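For the sequence shown, counting from 1, position 18 maps to 17 in numbering that gives the first Met the number 0; every step adds exactly one. Structure first, then comments.
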Amino acid sequence: MEATTLAKLQTLRTEANSLRDAFDAFAHRLDALITEQTPKDAPPASSDDWKRDDGRLNDQGVAAMEAMFEAGRTVTEIAKEFDITVSAASHRKRIWQAKPAAAR
């Protein structure tokens, strides 16, 4: 192999390593941003964690939804997160609002 070709290949390897390092740094920053922007009161990813077999919310689901109300989330946002109707989220919010503040 010619010295010129070998030098070009070594340069390409160096550039590829730099790109890999930059991509890794980008991926780590992206992961950190996703973690930072994920609401603490977001429901679990699996509906099995917050819904009963009949599709109604279990105690964990109710607690997660009430935490979202406390955080100021809208019924529309909550309905999307829980894959329920807006009227169901509104009903749950009325129940939550009827509780004394100390019980929330």
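All C-beta atoms in this analysis are idealised placements derived from N, C-alpha and C, irrespective of residue type, glycine included. All values derive from a computational prediction rather than experimental measurement.
In the DSSP assignment, residue 50 forms a beta bridge with 56.
When rounded, the separation of the alpha-carbon atoms in residue 24 and residue 95 is 43 angstroms.
Shown here, residue 23 sits in a helix according to DSSP, grouped into three states. Secondary structure of residue 30 (DSSP, three-state): helix.
Within the same chain, and ignoring the five residues on either side of residue 84 in sequence, the residues whose Cβ sits closer than 8 angstroms to its Cβ are 78.
When secondary structure is reduced to three states using DSSP, residue 98 falls in the coil class, being assigned neither helix nor strand. Residue 56 sits away from residue 67, with the two beta carbons spaced by 9 angstroms or more.
Straight through space, the alpha carbons of residue 36 and residue 62 are spaced by roughly 21 angstroms. C-alpha of residue 4 to C-alpha of residue 34: approximately 45 angstroms in a straight line.
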